[in-house]
Every structure is written in structure tokens, then in C-alpha cells.
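Those sequence lines, one after another, are chains A and B.
This note's numbering puts the first residue of the first sequence at 37, with every later residue one more than the last.
This note's numbering puts the first residue of the second sequence at 1069, with every later residue one more than the last.
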Amino acid sequence: AQSVTQPDIHITVSEGASLELRCNYSYGATPYLFWYVQSPGQGLQLLLKYFSGDTLVQGIKGFEAEFKRSQSSFNLRKPSVHWSDAAEYFCAVGAGNQAGTALIFGKGTTLSVSS
Amino acid sequence: DGGITQSPKYLFRKEGQNVTLSCEQNLNHDAMYWYRQDPGQGLRLIYYSQIVNDFQKGDIAEGYSVSREKKESFPLTVTSAQKNPTAFYLCASSIPPGMGNQPQHFGDGTRLSIL
Chain A
37 AQSVTQPDIH ITVSEGASLE LRCNYSYGAT PYLFWYVQSP GQGLQLLLKY FSGDTLVQGI
97 KGFEAEFKRS QSSFNLRKPS VHWSDAAEYF CAVGAGNQAG TALIFGKGTT LSVSS
Chain B
1069 DGGITQSPKY LFRKEGQNVT LSCEQNLNHD AMYWYRQDPG QGLRLIYYSQ IVNDFQKGDI
1129 AEGYSVSREK KESFPLTVTS AQKNPTAFYL CASSIPPGMG NQPQHFGDGT RLSIL
């Protein structure tokens, strides 16, 4: 069965410092991978997605993620964090064209930004 | 602008009462989903529908019911059988998985609490 693990429940980063949020997935075939961000009391906003091709994908708000098949990882990065990036981040995997699928979400990583 | 509208934003339920959460989308998406979000648990799938008049149970369907009479609407009823309904409920929509894994678009959620 597919699964997603986000090892870090909570991360604190200084404003202006770099950020990396970890995501590991379990899936037998080529996965479809997503990162979403959620501000308190709001829905989820798509940051970026990976379907195929270039393993380094660019997203909105200056985020990027790298797909590493050998490590079953899809880590999210940002070179310089802004205070407005404080939010909860979710990694998700889609199971391709199998019938009856929806996205499988990790449990999320809460990002705090210190001044 | 196209999007997903969930209403109400806050909802209170008395013991033994059924309540219905509304979800409407004007994105012309065929697939719609309901998730439940609890702190530290990520998103868990309640029900999903890939086409009008058809829907399937997700991982935690007990105590919930849905209908899909129109493409634009996918209401969720939280029945009295759901013993722990206090949570944040998120509705999402997408192109069906069978047409390629497309990202899901989310509404802003409904927070349900027990009186």
C-alpha cells in the first residue's frame, strides 16, 4: 500500500535561512508527488507537483523539490525563508491511473519562522 | 474565478443530531473528495466521487454519508453515528485519476464542533 512519511513534526527556521522539509514515500511504480501548504484555518494550496521528467521541480513562492527515486524521497526546499512561510506543509502521493484512488497525505510538518 | 466553496465555515452539532456540510465547485471537475483533518493526523479520506451519482467509501467512512446528484455539488452529512465528529473538514476536487494524476484543489474547510 502507498504511504507517505514526513519525519519532522515541527521545524523552526530563522528568517532568511534555508529550509528543507523531508518527505519519503512508499509506492511500487512511478509516483505522482505533490507538496501542499496550509495556513491556519484554511484549505490546502498546491506548491508544486512531480509527474515525470526533470527531477528538480520548481513551484510557487520560491519553493522547489527534488525527486530521488533511489531514496524514495521528495524533499521540499527554499533558499531563504520569509516569515510568511510559517504554515503547515503536506507531502502527498497519487497512485497513477488505478481506479478508486485519491491522494495519500503525510501527517504534515509545521514550520515556524523566528526573527 | 473558479474554485471550491465550503459552507458554513463553522458549524456546531448537538448530541444525536445530523448535520450537513456543503461543498460546491465551479471548476468543471468530475472528481470530488471529502477529508477529515485532526491535529497531528494529516488528512484522512472519508468519501470520494469520480462521477455524478456514484461515490465510494474512503478510509474512515463510518458515521458519514454523501450524495452526488450534481457535478458541482458533493454534500457531506455527519450522522449521529459518528461519535467523535469534532474536526476540520476539507472538500477537494480534481480531474479523475483515470485521466492522469492531477492535483486536487481544496476549499477553505468547515470546522465542526460538538455543543
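Ideal Cβ positions, reconstructed from N, Cα and C, are used throughout, including at glycine.
All figures in this text were calculated on a predicted structure; none of them were measured in a lab.
- Taking the alpha-carbon positions, what's the Tyr-1132 (chain B) to Pro-1107 (chain B) distance? Taking the first residue of the second sequence as 1, we reach residue 1132 (chain B) at position 64. Taking the first residue of the second sequence as 1, we reach residue 1107 (chain B) at position 39. Counting only the Cα atoms, Pro-1107 (chain B) lies some 20 Å from Tyr-1132 (chain B).
- Query: What are the partner residues of Trp-71 (chain A), as DSSP defines its beta bridges?
  - Reply: Numbered from 1 along the first sequence, position 35 holds the residue referred to as residue 71 (chain A). BP columns for Trp-71 (chain A) point to A:Leu-84, A:Cys-127.
- Alpha carbon of Ser-148 (chain A) to alpha carbon of Gly-1071 (chain B), nearest angstrom: Taking the first residue of the first sequence as position 1, residue 148 (chain A) is located at position 112. Taking the first residue of the second sequence as position 1, residue 1071 (chain B) is located at position 3. Distance from the CA atom of Ser-148 (chain A) to the CA atom of Gly-1071 (chain B), rounded to whole angstroms, is 28 Å.
- Message: For the region 1112-1142 of chain B, list every residue whose C-beta sits within 9 Å of some C-beta in chain A, in sequence order.
- Response: Here the close residues are Arg-1112, Leu-1113, Tyr-1116, Gln-1118, Gln-1124, Gly-1126.
- Using a C-beta to C-beta distance shorter than 9 Å, which residues of chain A count as neighbours of Asp-1176 (chain B)? Your numbering for residue 1176 (chain B) matches position 108 in the second sequence. Think of a sphere of 9 Å around the beta carbon of Asp-1176 (chain B): the chain A residues whose beta carbon falls inside it are Gly-77, Gln-78, Gly-79, in chain order.
- Query: In chain A, which residues lie with their C-beta within 7 Å of the C-beta of Gln-1109 (chain B)?
  - Reply: Position 41 of the second sequence, counted from the start, is the residue given in the question as residue 1109 (chain B). Under the 7 Å cutoff, chain A gives Lys-143.
- Who are the near neighbours of Gly-1168 (chain B) in its chain, counting only those whose CB is closer than 6 Å to its CB and skipping five residues on each side? Stepping through the second sequence from its first residue, residue 1168 (chain B) is reached at position 100. Its pLDDT being 49, under 50, Gly-1168 (chain B) is placed unreliably by the model, and nothing is read from it.
- Query: Taking C-alpha atoms, which residue in A:Ile-96, A:Tyr-125, A:Lys-104, A:Val-40 lies nearest to Gly-89 (chain A)?
  - Reply: Residue mapping note: residue 89 (chain A) aligns to position 53 of the first sequence, counting from 1. Among A:Ile-96, A:Tyr-125, A:Lys-104, A:Val-40, the Cα nearest to that of Gly-89 (chain A) belongs to A:Lys-104.
- Between the region 1101-1119 of chain B and the region 1151-1158 of chain B, are three or more C-beta pairs nearer than 8 Å? At 8 Å Cβ cutoff, the stretches touch.
- Short CB-CB distance (under 7 Å) between Pro-1171 (chain B) and chain A: For the purposes of this step, residue 1171 (chain B) is taken as residue 103 along the second sequence, with counting starting at 1. With respect to chain A, the C-beta atom of Pro-1171 (chain B) has a partner C-beta closer than 7 Å.
- Query: So which residues of chain A does Tyr-1101 (chain B) contact, with C-beta pairs closer than 7 Å?
  - Reply: Locating residue 1101 (chain B) in the second sequence gives position 33, where the first residue counts as 1. By Cβ distance, chain A contributes Ala-138.
- Going by Cα to Cα distance, which pick from A:Ser-108, A:Ser-106, A:Tyr-125 is closest to Lys-114 (chain A)? Sequence index remark: in the first sequence, residue 114 (chain A) carries index 78 (1-based). If we check each option's Cα against that of Lys-114 (chain A), A:Tyr-125 comes out closest.
- Query: So who's on the other strand from Ser-50 (chain A), going by DSSP bridges?
  - Reply: For the purposes of this step, residue 50 (chain A) is taken as residue 14 along the first sequence, with counting starting at 1. Beta-bridge pairing links Ser-50 (chain A) to A:Ser-150.
- Query: Pick from A:Ser-108, A:Ser-150, A:Leu-112: whose alpha carbon is nearest that of Lys-97 (chain A)?
  - Reply: Taking the first sequence and counting its residues from 1, one reaches residue 97 (chain A) at position 61. Of A:Ser-108, A:Ser-150, A:Leu-112, the residue nearest in Cα terms is A:Leu-112.
- Task: Leaving out five residues on either side along the sequence, give the residues of the same chain with a beta carbon under 6 Å from the beta carbon of His-46 (chain A).
- Result: Along the first sequence, one-based indexing puts residue 46 (chain A) at 10. For His-46 (chain A), where only same-chain residues beyond five positions count, the Cβ hits under 6 Å are Thr-146.
- Message: Looking at the strands, I want to know which residues DSSP matches up with Ile-1072 (chain B).
- Response: Along the second sequence, read from residue 1 onward, the residue named residue 1072 (chain B) stands at position 4. In the DSSP output, where bridge partners are listed per residue, Ile-1072 (chain B) has B:Gln-1093.
- Query: Does any CB atom of chain B fall closer than 7 Å to the CB of Lys-97 (chain A)?
  - Reply: What you label residue 97 (chain A) is simply residue 61 of the first sequence in a count that begins at 1. Taking Cβ atoms only, chain B never reaches closer than 7 Å to Lys-97 (chain A), which makes this a no.
- Query: Hey, quick one: how far does the beta strand (DSSP E) through Arg-1104 (chain B) stretch, first residue to last?
  - Reply: What you label residue 1104 (chain B) is simply residue 36 of the second sequence in a count that begins at 1. Where Arg-1104 (chain B) is concerned, the enclosing beta strand (DSSP E) starts and stops at 1099-1106.
- Message: Just checking: is the beta-carbon of Leu-1095 (chain B) within a distance shorter than 7 Å of some beta-carbon in chain A?
- Response: Sequence index remark: in the second sequence, residue 1095 (chain B) carries index 27 (1-based). No, no contact with chain A.
- Message: Rounded to whole angstroms, what is the Cα-Cα separation between Gln-1150 (chain B) and Ala-53 (chain A)?
- Response: Locating residue 1150 (chain B) in the second sequence gives position 82, where the first residue counts as 1. Locating residue 53 (chain A) in the first sequence gives position 17, where the first residue counts as 1. Roughly 44 Å between the two C-alpha positions.
- Query: Whose C-alpha, out of B:Arg-1112, B:Asp-1176, B:Phe-1142, is nearest the C-alpha of Asp-1098 (chain B)?
  - Reply: Translated into positions along the second sequence, residue 1098 (chain B) becomes position 30. Sorting B:Arg-1112, B:Asp-1176, B:Phe-1142 by C-alpha distance to the C-alpha of Asp-1098 (chain B) places B:Phe-1142 at the top.
- Rounded straight-line distance, which links the Cα of Arg-1136 (chain B) to that of Glu-1092 (chain B): Position 24 of the second sequence holds residue 1092 (chain B). Position 68 of the second sequence holds residue 1136 (chain B). Distance between the alpha carbons of Glu-1092 (chain B) and Arg-1136 (chain B) is about 11 Å.
- Would Ala-138 (chain A) pass as a contact of Phe-70 (chain A) if the rule is Cβ separation under 7 Å? Taking the first sequence and counting its residues from 1, one reaches residue 138 (chain A) at position 102. Taking the first sequence and counting its residues from 1, one reaches residue 70 (chain A) at position 34. Their beta carbons are not under 7 Å apart, which means Ala-138 (chain A) does not touch Phe-70 (chain A) by this criterion.
- Message: Just to make sure I have the definition right: I need the residues of chain B whose C-beta is within less than 9 Å of the C-beta of Phe-126 (chain A). Which are they?
- Response: Reading the first sequence from its first residue, position 90 is the one you call residue 126 (chain A). Going along chain B in sequence order, the residues near Phe-126 (chain A) (Cβ under 9 Å) are Gly-1110, Leu-1111.
- Message: Mapping the DSSP letters down to three states, classify Asp-1176 (chain B) as helix, strand or coil.
- Response: In the second sequence, counting from the first residue as 1, residue 1176 (chain B) sits at position 108. In this structure, Asp-1176 (chain B) counts as coil in the three-state DSSP scheme.
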